[in-house]
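Working notes, beginning with the structure itself.
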Amino acid sequence: MPRPSTRDAGGPSAGLSHGLVPPHLAQQLTRFVYENDPLHVPGLAPRWSLELELIWRTVPPDFWLNKAKEEATVLKQLSAVKTKLKQLEGARGSHVLENTRRELADRWHAIKMGYSVVFHARYDFFLWLTTRDICCEYAYQALEEFAEGTDGSLSMYWPETARRTCSEGKLLPAD
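As numbered in numbering that gives the first Met the number 0, residues 0 to 174 make up the sequence shown, in order.
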């Protein structure tokens, strides 16, 4: 699925609902998911957490796919409106198109931060593991262990500092 850039929209509206994803998690994930995010560092292993996995599993998979499709649709509409605005630059009635652009930008930001950031992050995380022949079930078990701080079979692979700072919401690198 093509990656939308953070430049494609004008920015968030005040008081925007955050959907299913808590805002602090969405903000942490964007630098790993969206390549044009100002904090993006190329080559970093994708991140995921047990809290995100639990959010993911509470909702049917079709919902996440539909949100990703909706994001792509809104981006296409936004691109078309921007093209039209460039053609009508300074013409009468362009303020109506500018309002439409703002509304679409706000909608894109809401979908991105409330839903599709999780879709893209999960896809990237498990794709990274799969391409390196790492069983995804081990990854889930490791996420659980890290979150709970248990001494299960994978605990010996976690560094001592990681075992002391266990957290359900902590974003863990795939590597």
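Each residue gets a CB set at the ideal place from its N, CA and C atoms; glycine is no exception.
Spatial neighbours of residue i in its chain, beta-carbon cut-off 8 Å, leaving aside the 5 residues before and after
| i | result |
| --- | --- |
| Gln76 | Leu103 |
| Gly92 | none |
| Gly42 | none |
Residue i, enclosing alpha helix (DSSP H) - first and last residue
| i | result |
| --- | --- |
| Leu24 | 22 to 32 |
| Glu88 | Unbroken run through Glu88: none, as it is neither H nor E. |
| Ile54 | 49 to 56 |
| Val95 | 93 to 110 |
| His39 | Note, His39: premise wrong, no alpha helix (DSSP H); not H, not E. |
| Ala120 | 116 to 130 |
Nearest-angstrom Cα separation, counted from residue j out to residue i
| i | j | result |
| --- | --- | --- |
| Gln140 | Asn35 | 32 Å |
| Leu38 | Lys83 | 31 Å |
| Arg56 | Leu49 | 10 Å |
| Ala79 | Met112 | 22 Å |
| Trp63 | Leu142 | 21 Å |
| Glu52 | Glu88 | 45 Å |
| Pro59 | Val20 | 15 Å |
| Thr99 | Ile54 | 32 Å |
Buried or exposed (CB count within 10 angstroms, at least 16 for buried), residue i
| i | result |
| --- | --- |
| Asp123 | buried |
| Leu40 | Note on identity: in this sequence residue 40 is Val, with Leu being the wrong assignment. It counts as exposed. |
| Thr130 | exposed |
| Ala90 | exposed |
Cutoff 7 Å; reference residue i; Cβ partners in own chain excluding five residues on either side
| i | result |
| --- | --- |
| Ile110 | Lys66, Glu69, Glu70, Val73 |
Nearest-angstrom Cβ-Cβ length linking residue i and residue j, presumed shorter than 8 Å
| i | j | result |
| --- | --- | --- |
| Gly18 | Tyr114 | 5 Å |
Contact set for residue i: own chain, Cβ-Cβ below 6 Å, skip 5 residues either direction
| i | result |
| --- | --- |
| Arg106 | Val73 |
| Phe125 | Cys135 |
| Ala25 | Met112, Val116 |
| Leu28 | Val116, Ala120 |
Test: residue i CB closer than 7 Å to a CB of chain D
| i | result |
| --- | --- |
| Leu103 | The structure shown contains no chain D, having only a single protein chain. |
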